[in-house]
């Protein structure tokens, strides 16, 4: 079971987010501020990707995003009416709410990553399998190794061109250690 994100971490993130981004719909700001002042609600809020697959979810976008301004999903219903989602939030405080925030560079944002959770409702065909993950890791390791080797070889050539014997020996030793580690 994944670790729960503490309410304080969610509050810190929402405050950080509201200070830095302007949402396309002002109602989204109201909803996020409402969550900040109600810990019991924020406890049941989960920030995730592809929230439209969740049974109860909101998707909010900033002005810098090309995504839809706002959507609320509940079961098979979908609406762009933020007031309905706010009403539902107040009427069902014990139900889990999944929120997707669309903003520039969201997938490389460390602050968002600290509160973002895996979507438990994501269809299996969209999930990354363990074997795919291992293949990707191996590919990344090979790429880093290849790039490091190429960079070292270039520096060795530069040391030769500059007639820098000490630098040549140092870089050659590094290159040999790297090659030995591959074997």
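Residue numbers (my numbering): -15 to 167.
Don't be surprised by glycine CBs; every beta carbon is placed ideally from N, CA and C.
Model, not experiment: these values are computed from the prediction.
Closest by C-alpha distance to residue i, when choosing among the options
i	options	result
residue 107	27, 38, 10 and 132	38
residue 7	-10, 128, 161 and 44	44
residue 50	34, 153, 86 and 61	86
residue 156	137, 146, 166 and 165	137
residue 58	41, 46 and 74	41
residue 104	30, 4, 142 and 124	30
residue 74	60, 88, 158 and 14	14
residue 132	-6, 158 and -4	158
residue 130	165, 23, 22 and 52	165
residue 22	9, 68 and -5	-5
residue 139	154, 10, 109 and 61	154
residue 90	124, 48, 134 and 52	48
Whether residue i touches residue j by CB criterion (9 Å)
i	j	result
residue 20	residue -1	yes
residue 66	residue 12	yes
residue 162	residue 152	no
residue 36	residue 55	yes
residue 32	residue 100	yes
residue 171	residue 46	Outside the displayed range of the chain (-15 to 167) lies residue 171, so it cannot be described from this structure.
residue 77	residue 28	yes
residue 98	residue -7	yes
Three-state secondary structure assigned by DSSP to residue i
i	result
residue 109	helix
residue 58	strand
residue -12	coil
residue 100	strand
residue 17	helix
residue 89	coil
residue 0	helix
request  = Counting only runs of 3+ residues fully inside the segment 26 to 55, write out the beta strand (DSSP E) ranges in chain order.
outcome  = 29 to 31 and 40 to 45
message = For the segment -3 to 13 against the segment 73 to 83, do three or more pairs of beta-carbon atoms, one drawn from each stretch, fall closer than 8 Å, so that the two count as touching?
response = no
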